[in-house]
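Below is one structure, written out as structure tokens; comments come after it.
There are 2 protein chains.
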Amino acid sequence: MSKCQQCIIREFNTLRSLTADELKTMSKEKDVLTFKKGDIIFKEGNAINGVYCVKHGICKLSKLNANGKEQIVRFMKGGDMLGYRSILSEEPVTLTVTALKDMEACYIPKKEILDAIKENPKFSLDMMKTVCGDLRDANASLSNMAQKSVKERLADTMIFLKETFGEDEDGYLDIVLTREEIASVVGTATESAIRLLSEFKKKGFIELTGKRLKVIDEVGLLKLSQGF
Amino acid sequence: MSKCQQCIIREFNTLRSLTADELKTMSKEKDVLTFKKGDIIFKEGNAINGVYCVKHGICKLSKLNANGKEQIVRFMKGGDMLGYRSILSEEPVTLTVTALKDMEACYIPKKEILDAIKENPKFSLDMMKTVCGDLRDANASLSNMAQKSVKERLADTMIFLKETFGEDEDGYLDIVLTREEIASVVGTATESAIRLLSEFKKKGFIELTGKRLKVIDEVGLLKLSQGF
DNA sequence: TCAAGTCTATGATAAATGTCATATAATTTC
DNA sequence: GAAATTATATGACATTTATCATAGACTTGA
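Just so you know, the protein sequences line up as chains A and B, in that order. If you count by our numbering, then the first sequence holds residues 38 to 265, one letter each, in order. If you count by our numbering, then the second sequence holds residues 38 to 265, one letter each, in order.
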């Protein structure tokens, strides 16, 4: 079985603050899980008893609204920790997590995390920094959602996807989303998203090949996102 | 000078998890500050070196957007802790805080908070719980902002204000906002907010007396907020 | 107390966005 | 590999929301 001590992904998250001993215990207790594209890792309302340290793959975190529509709140990828909010606040999870690519993730029982927080102030602070960063981002998203137009938000989303997930060898975004999912990130109707994507394509901001998407003019998108 | 040990408000926030000794040190190091309605406590971009424990009063946390518009992200009142996100993530603050009522708040230097986190796991966990709760709320707001109509969001806001700040002896909300501020919470144009408030009044959901606002039919508002 | 400024209210209109309908393209399933 | 299903695309139209204009009500400060 793979050992946490030798796992590179750990350098990208708060687990880097653990001592060798703590890592060893964690390694013993963890499960290595795999998920196929489309698999649900956990659902809104579920009570989970551990966190997931994503090794690779991409997933979406979403919320179902009263009208049954899905709202994508954020994405996670290798290095991100999933479910820690629920563990720390001792509440069921409030988001549904779905794999967008095949994933591998380590499930670390809650006890290990809570022990480490109690024993290791460095880990504890690092953990807080992560939550605080997430909170800052969530506030910024809220403000954008409230004040920007759909077009501006779509431009933001294109840039965000490129910056976050990068491009493959052909220059296409290394994340594949349906139009419906794009609409759900932006917070608009699927048809509106489709229309605007076509417009962006016509204006030379992006290229579309089926579901694959290439950002051509990032500067143009950036200007657009700021209202020009 | 007032002592933290005897401060009741402490019971409402994470400082309740401190030991008597820790409280004593904190009490020695803290400043007691007052703010008048309209005063700015700190501004987006400022580097702060402590947190504010609100004793009483109400303030708004807002963000300026590219177009110069204010977006109110949340409110805080007695018992809430202000500025902890910035301290914990060692970043400048990303929100501007403005008093909406006269306020009293204790300024606690960063060192005291960080020391307590290092020394006291109970405080540390309690602190995390707070941040995580804020994060959960921010995600929920994001989802609402993305998927609800302006009318639904205004109904939500009315209910939220009543639940959070309560009513005075005449049944009016114990928080007074301008129409512009209400619009900023909801994320809409001031005129749209005014128009919808008039509509709500006509339909008997609320009563308006100048800036004072009374919720009459909370159930009606709730239904409306869910799209009926 | 009055004049200036700000806030609230409302109409008219424009712009943005959502909804419904339909057609084609892509994907899945048997 | 053909039929069924699902996803994408686009037009037509309805609805929501923003913007501009104007007027009266309320505050505030000299």
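Cβ atoms here follow ideal geometry from the backbone N, Cα and C, with glycine treated the same way.
- Residue range 147-156 is occupied by the alpha helix (DSSP H) that includes residue 149(B).
- Between residue 172(B) and residue 111(A), the CB-CB gap reaches or exceeds 8 Å.
- Around residue 116(B), the same chain offers 46, 49, 50, 91 as residues with beta carbons nearer than 7 Å, after the five sequence neighbours per side are excluded.
- Look at the region 55-101 of chain B and you find these whole runs of beta strand (DSSP E), each 3 residues long or longer: 68-72, 77-79, 87-93, 95-101.
- Our two residues, residue 158(A) and residue 147(B), have alpha carbons roughly 16 Å apart in a direct line.
- Shown here, residue 251(A) sits in a strand according to DSSP, grouped into three states.
- Residue-level contact check: residue 100(B) touches chain A, since one or more beta carbons of chain A fall below 8 Å from its beta carbon.
- The region 194-256 of chain B is shown to contain whole alpha helix (DSSP H) runs of 4 or more residues at 216-223, 227-239, in chain order.
- Counting C-beta atoms within 10 angstroms of its own C-beta, residue 176(A) has 16 or more neighbours from the protein chains shown and is therefore classed as buried.
- The three-state secondary structure of residue 134(A), taken from DSSP, is strand.
- Annotation: residue 46(B) is outside any beta strand (DSSP E) and is labelled neither H nor E by DSSP.
- In terms of beta-carbon proximity, residue 199(A) stays away from the interface with chain B, with every pair separated by 8 Å or more.
- With fewer than three CB-CB distances shorter than 8 Å, the region 124-139 of chain B does not count as touching the region 57-70 of chain A.
- Going by DSSP, residue 122(B) is part of no beta strand (DSSP E) but of the alpha helix (DSSP H) stretching over 121-126.
- Within chain B, the C-beta atoms nearer than 7 Å to that of residue 125(A) come from 165, 166, 169, in chain order.
- The beta carbons of residue 39(A) and residue 88(A) sit about 17 Å from each other, so the pair does not count as a contact at 8 Å.
- Apart from sequence neighbours up to five positions away, the residues of its chain that approach residue 217(A) with a beta-carbon distance below 7 Å are 227, ordered along the chain.
- A buried status is given to residue 237(A), since no fewer than 16 other beta-carbon atoms sit within 10 Å of its beta-carbon.
- At a C-beta separation below 9 Å, residue 162(B) has these neighbours in chain A: 125, 151, 154, 155, 161.
- Residues of chain A with a Cβ closer than 8 Å to the Cβ of residue 173(B) are, in chain order, 122, 126, 128, 131.
- Annotation: residue 53(B) to residue 160(B) spans about 8 Å, alpha carbon to alpha carbon.
- Annotation: residue 79(B) to residue 212(B) spans about 21 Å, alpha carbon to alpha carbon.
- In this structure, residue 214(A) keeps its C-beta atom at 8 Å or more from the C-beta atom of residue 202(A).
- Per DSSP, reduced to three states, the secondary structure at residue 114(B) is strand.
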